[in-house]
Amino acid sequence: MSVLEVIRERRSVRRYKGDPVPEETLARVLEAARLAPSAKNLQPWRLVVVRDQATKIGLAKAAFGQTFMSEADIVVAVCGFPERAYPRQGSYMNSWPIDLAIAFEHLILQASEEGLGTCWIGAFDETAVKAVLGVPAEVRVMAMTPLGWPAESPAPRGRKAMEEFVSYDRYR
Ligand SMILES: Cc1cc2nc3c(=O)[nH]c(=O)nc-3n(C[C@H](O)[C@H](O)[C@H](O)COP(=O)(O)O)c2cc1C
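Under the working numbering, think of the first position of the sequence shown as 114, with each following residue one higher.
Next up, the structure:
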């Protein structure tokens with residue numbers, strides 16, 4: 114599929130078959146994230162790939178009971194290092210969440226290309242996730258996703274019309 118086709122076909126998947134994801138498929142998904150750009154190429158990130166069932170259940174609990182996460186073969190958490198990222202993106206903010214979001218979306222799009230389902234998980238208790246995964250105090254957790262074979266085919270969610278989304282030459 115073209116990149117645009119993958120983007121069009123991707124959905125947030127909230128039901129999974131537990132069948133294993135082959136190692137070579139997982140390797141391509143992780144490679145897509147590894148190749149992501151980051152401010153000054155500082156790559157202020159680390160992924161945690163979880164296959165252990167008890168750990169996945171712990172992460173689902175830390176995500177306020179989003180139990181579908183633990184149905185998937187894998188849960189991936191993306192962690193960041195604010196002190197090793199570009200501190201003044203746009204002259205006002207640290208780049209770390211931006212860097213991590215780009216890498217995580219690369220992962221999600223490659224997963225979609227492979228026929229795998231994902232669902233960006235932003236609703237979680239960071240302290241609880243850090244305890245489950247043993248993440249050091251200075252490292253942040255930005256997002257998680259289940260990664261596995263979809264057991265549903267969600268309909269597309271609506272998006273803003275192009276004219277509401279973009280203006281040319283001036284902000285309007
Ligand atoms: C930053 C962010 C946080 C999100 N957090 C959650 C979440 O905690 N649980 C969930 O089920 N979906 C979550 N989503 C998925 C969105 O609900 C979903 O992307 C949106 O409704 C559009 O649907 P689609 O992904 O199928 O196109 C999150 C998405 C983003 C980008």
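For every residue, glycine included, the Cβ atom is placed at its ideal position computed from N, Cα and C.
Can you give me the Cβ contacts of residue i inside the same chain, cut-off strictly under 8 angstroms, excluding the 5 residues immediately before and after it?
| i | result |
| --- | --- |
| A140 | none |
| D186 | Y129, G131, D132, P133, V134, R164, L260, G261, W262 |
| L148 | H219 |
Any heavy atom of ligand 1 inside 7 angstroms of the beta-carbon of residue i?
| i | result |
| --- | --- |
| G228 | no |
| R159 | no |
Would a check of beta-carbon distances place residue i closer than 8 angstroms to chain B?
| i | result |
| --- | --- |
| M182 | No chain B appears in the structure shown, which is made up of a single protein chain. |
Hey, how far is the Cα of residue i from the Cα of residue j?
| i | j | result |
| --- | --- | --- |
| N207 | E277 | 29 angstroms |
| T138 | Q223 | 9 angstroms |
| V119 | T231 | 13 angstroms |
| V126 | I234 | 11 angstroms |
| A236 | P210 | 15 angstroms |
Note down, in chain order, each residue of its chain lying with its Cβ closer than 7 angstroms to the Cβ of residue i, except the 5 sequence neighbours on either side.
| i | result |
| --- | --- |
| L246 | V161, A190 |
| A198 | A152, L155, P157, N207, S208, W209, D212 |
Just list the residues that DSSP pairs residue i with in beta bridges.
| i | result |
| --- | --- |
| I187 | L260 |
| L160 | V191 |
| T231 | S125, L260 |
| M206 | Q202 |
Task: Pocket of ligand 1 defined by Cβ to heavy atom distance under 6 angstroms - done: R124, S125, R127, Q179, C232, W233, I234, G235, A236, P267, R270
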